[in-house]
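Read the structure below first, then the notes.
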Amino acid sequence: MPELPEVETIRHDLEREVAGKRIKTVTITGSRSVRRHADVAALTTRLEGAKIDAVRRKGKYLLISAGDDWLVVHLGMSGQLRKCAPKEPVAPHTHVTMAFTQGGQLRYVDPRTFGEIFVVAKDELDSKVSEIADLGFDPIEDVISWNTFGGMLMARKAKLKSLLMDQKFIAGLGNIYSDEILWAAGLRYDRSSDSLTTQEVRRLYRALVETLHEAIKQRGSTLSDAQYVDLYGKPGGFQAEHKVYAREGQACPRCRATIVRHKWSGRSTWLCEACQV
DNA sequence: ACGCCCGCCTGTAAGC
DNA sequence: TGCTTACAGGCGGGCG
Numbered sequence: 002m003p004e005l006p007e008v009e010t011i012r013h014d015l016e017r018e019v020a021g022k023r024i025k026t027v028t029i030t031g032s033r034s035v036r037r038h039a040d041v042a043a044l045t046t047r048l049e050g051a052k053i054d055a056v057r058r059k060g061k062y063l064l065i066s067a068g069d070d071w072l073v074v075h076l077g078m079s080g081q082l083r084k085c086a087p088k089e090p091v092a093p094h095t096h097v098t099m100a101f102t103q104g105g106q107l108r109y110v111d112p113r114t115f116g117e118i119f120v121v122a123k124d125e126l127d128s129k130v131s132e133i134a135d136l137g138f139d140p141i142e143d144v145i146s147w148n149t150f151g152g153m154l155m156a157r158k159a160k161l162k163s164l165l166m167d168q169k170f171i172a173g174l175g176n177i178y179s180d181e182i183l184w185a186a187g188l189r190y191d192r193s194s195d196s197l198t199t200q201e202v203r204r205l206y207r208a209l210v211e212t213l214h215e216a217i218k219q220r221g222s223t224l225s226d227a228q229y230v231d232l233y234g235k236p237g238g239f240q241a242e243h244k245v246y247a248r249e250g251q252a253c254p255r256c257r258a259t260i261v262r263h264k265w266s267g268r269s270t271w272l273c274e275a276c277q278v
């Protein structure tokens, strides 16, 4: 669920709330979230005493600068970062708690433990964390020309949705935003990437950038399961703007045909078969 | 290179 | 009411 707009919202909140603070103690209560570390005590030792300088984002990864290390967080499906007062009750599935010398806590909560949290030396990020080193361009951070984007599409021969969701091609999109972007571009998920006209390439690139900017402005999408909330526990607002995602049976806002759901690649895909071609 | 399925997890909801 | 099953989806891995 957390895709680029949700992760960017949390990044922005973290920048405001924890940048400049010093980590006093780290408490690990769930080992699966820190599975990358064979020695969990080493992780705690490295972080304690470190000052958080800045908070970056690459695709769906949060990179929290802590001296010479990156504290890397990937929220997976159900991960949350929450700013809490020490006396607040501890939510179920809280796996990591960081307390700051200035007071306050940052808690990592993740019921399904698809997400993870780990530390890596800054100069070893590229060599040790290939899933970050191999990420494709970030559609918010890395502005490219639609012409370049078209060249990238033509160089591949894959279904559009496969490419949009391929983190090595574009970093940050998941099921929700892929469907919304394809609707905004008026393109089907199963169009071959090398079949697009110049206008279609331009429409897709524009839909990509504009949909994400609008979603960030609305602080991301919170679905009925409320698995995504921001640093303060508040839901996003972009779900109200979804045009096709989980809107099976409703009218297409553009052409009034009925939105349908296709099962594709073991996953649900929503589209308007009338105006997505 | 690409398509497609599985396993990892838990919570929720639908179906019998 | 109570059990079973499906589904949600990020991502790596494996297979055809």
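Take the first sequence: its letters are residues 2 to 278, numbered as in my numbering. Glycine included, every Cβ here is placed at the ideal spot set by N, Cα and C. Source: prediction; values computed, not measured.
inquiry  = What ranges does the alpha helix (DSSP H) occupy inside the stretch 138-174, keeping only unbroken runs of at least 4 residues that lie completely in it?
reply    = If we require 4 residues or more, the alpha helix (DSSP H) runs fully inside the stretch 138-174 come out as 147-155, 161-166.
query = What is the residue span of the beta strand (DSSP E) that Asp54 lies within?
reply = The residue you call residue 54 lines up with position 53 of the first sequence. Segment 53-59, the beta strand (DSSP E) holding Asp54.
For Lys244, three-class secondary structure by DSSP = Counting from one through the first sequence, the residue named residue 244 turns up at place 243. Collapsing the DSSP output to three states places Lys244 in coil.
key: Rounded distance between the beta-carbons of Leu64 and Trp71, thought under 8 Å   = Taking the first sequence and counting its residues from 1, one reaches residue 71 at position 70. Taking the first sequence and counting its residues from 1, one reaches residue 64 at position 63. Confirmed, about 5 Å.
Other residues of its chain near Val74: CB distance less than 6 Å, five sequence neighbours each side excluded = Residue numbering aside, residue 74 sits at position 73 when the first sequence is read from its first letter. Cβ neighbours of Val74 within its own chain (closer than 6 Å, five residues either side excluded): Leu63, Ile118.
task = Please report how far the alpha carbon of Val230 lies from the alpha carbon of Met2, in whole angstroms.
result = On the first sequence, position 229 is the one that residue 230 refers to. On the first sequence, position 1 is the one that residue 2 refers to. The straight-line gap from Cα to Cα measures roughly 10 Å.
key: Three-state class that DSSP yields for Glu125 in the structure shown   = Here residue 125 refers to the residue found at position 124 when the first sequence is read from its first residue. If DSSP states are grouped into helix, strand and coil, Glu125 belongs with the helices.
key: Buried or exposed by the 16-neighbour rule on C-beta atoms within 10 Å, applied to Ser131   = As a first step, residue 131 must be located in the first sequence, where it is residue number 130. By the 10 Å Cβ count, Ser131 comes out exposed.
request  = Taking all protein chains shown into account, decide if Arg33 is buried (16 or more other Cβ within 10 angstroms of its Cβ) or exposed.
outcome  = The count along the first sequence starts at 1 and reaches residue 33 at position 32. Per the 10 Å Cβ criterion, exposed.
message = Suppose the cutoff is 8 Å on Cβ atoms and the five residues either side in sequence are ignored; what does the same chain contact list for Ala20 look like?
response = Against the first sequence, residue 20 aligns to sequence position 19. Around Ala20: Ile53, Asp54, Ala55, Val56.
query = For Arg36, which of Arg157, Gly116, Trp265 has the nearest alpha-carbon?
reply = Taking the first residue of the first sequence as position 1, residue 36 is located at position 35. If we check each option's Cα against that of Arg36, Gly116 comes out closest.
key: Rounded Cβ spacing between Ile182 and Leu209 (contact assumed at less than 8 Å)   = One-based indexing of the first sequence puts residue 182 at position 181. One-based indexing of the first sequence puts residue 209 at position 208. The Cβ separation is near 5 Å, so the contact holds.
task = Taking all protein chains shown into account, decide if Cys256 is buried (16 or more other Cβ within 10 angstroms of its Cβ) or exposed.
result = Taking the first sequence and counting its residues from 1, one reaches residue 256 at position 255. Exposed.
inquiry  = Could you tell me the alpha carbon to alpha carbon distance between Gly187 and Pro254, rounded to whole angstroms?
reply    = Locating residue 187 in the first sequence gives position 186, counting from the first residue. Locating residue 254 in the first sequence gives position 253, counting from the first residue. So the alpha carbons of these two residues sit roughly 12 Å apart.
message = Taking the beta strand (DSSP E) that Gln277 belongs to, which residues open and close that run?
response = The residue given as residue 277 occupies position 276 in the first sequence. Gln277 -> no beta strand (DSSP E), and no H or E assigned at all.
request  = Kindly identify the DSSP beta-bridge partner or partners of Ile118.
outcome  = On the first sequence, position 117 is the one that residue 118 refers to. Answer is Val74, bridged to Ile118.
ask   = Hey, would you say Ser194 sits closer than 7 Å to Leu136, going by beta carbons?
value = In the first sequence, residue 194 corresponds to position 193, counting from 1. In the first sequence, residue 136 corresponds to position 135, counting from 1. Contact flag unset, no.
ask   = Of the choices Leu15, Lys264, Ile11, whose alpha-carbon is the least far from that of Lys162?
value = In the first sequence, counting from the first residue as 1, residue 162 sits at position 161. For Lys162, the nearest C-alpha among the options comes from Lys264.
task = Determine the burial state of Ile24: buried for a count of at least 16 other Cβ atoms within 10 Å of its Cβ, exposed for fewer.
result = On the first sequence, residue 24 is found 23 positions in, with the first residue counted as 1. Buried, by the Cβ-count rule.
key: Which listed residue (Val121, Asp124, Arg157, Glu89) has its alpha carbon closest to that of Arg108   = Taking the first sequence and counting its residues from 1, the one referred to as residue 108 is at position 107. Measuring from the Cα of Arg108, the nearest candidate turns out to be Glu89.
message = Please identify the residue among Leu76, Glu49, Arg47 whose C-alpha is closest to the C-alpha of Arg58.
response = In the first sequence, the residue the question calls residue 58 occupies position 57. Residue Leu76 is the option with its Cα nearest to Arg58.
Pairwise C-alpha distance: Leu205 and Lys160 = Counted from its first residue, the first sequence places residue 160 at position 159. Counted from its first residue, the first sequence places residue 205 at position 204. When rounded, the distance between both Cα atoms is 14 Å.
task = Kindly indicate which three-state DSSP category Lys84 falls into: helix, strand or coil?
result = Position 83 of the first sequence, counted from the first residue, corresponds to residue 84. Looking at Lys84 - three-state DSSP - the assignment turns out to be strand.
query = Quick one, are the C-beta atoms of Ile260 and Val245 less than 7 Å apart?
reply = Numbered from 1 along the first sequence, position 259 holds the residue referred to as residue 260. Numbered from 1 along the first sequence, position 244 holds the residue referred to as residue 245. A contact, by the Cβ cut-off of 7 Å.
Contacts around Ala100, its chain only, beta-carbon distance under 6 Å, and the 5 residues preceding and following it disregarded = Taking the first sequence and counting its residues from 1, one reaches residue 100 at position 99. Lys25, Thr26, Gln106.
ask   = Quick one: Cα of Glu7 to Cα of Lys235, how far?
value = By one-based count along the first sequence, residue 7 stands at place 6. By one-based count along the first sequence, residue 235 stands at place 234. Approximately 12 Å between the Cα atoms of the pair.
ask   = What are the boundary residues of the beta strand (DSSP E) that includes Gln106?
value = Translated into the one-based positions of the first sequence, residue 106 becomes position 105. First-last of the beta strand (DSSP E) with Gln106: 106-110.
Nearest to Ile133 (by Cα), restricted to the options Gly60, Ile145, Asp180 = Reading the first sequence from its first residue, position 132 is the one you call residue 133. It is Gly60.
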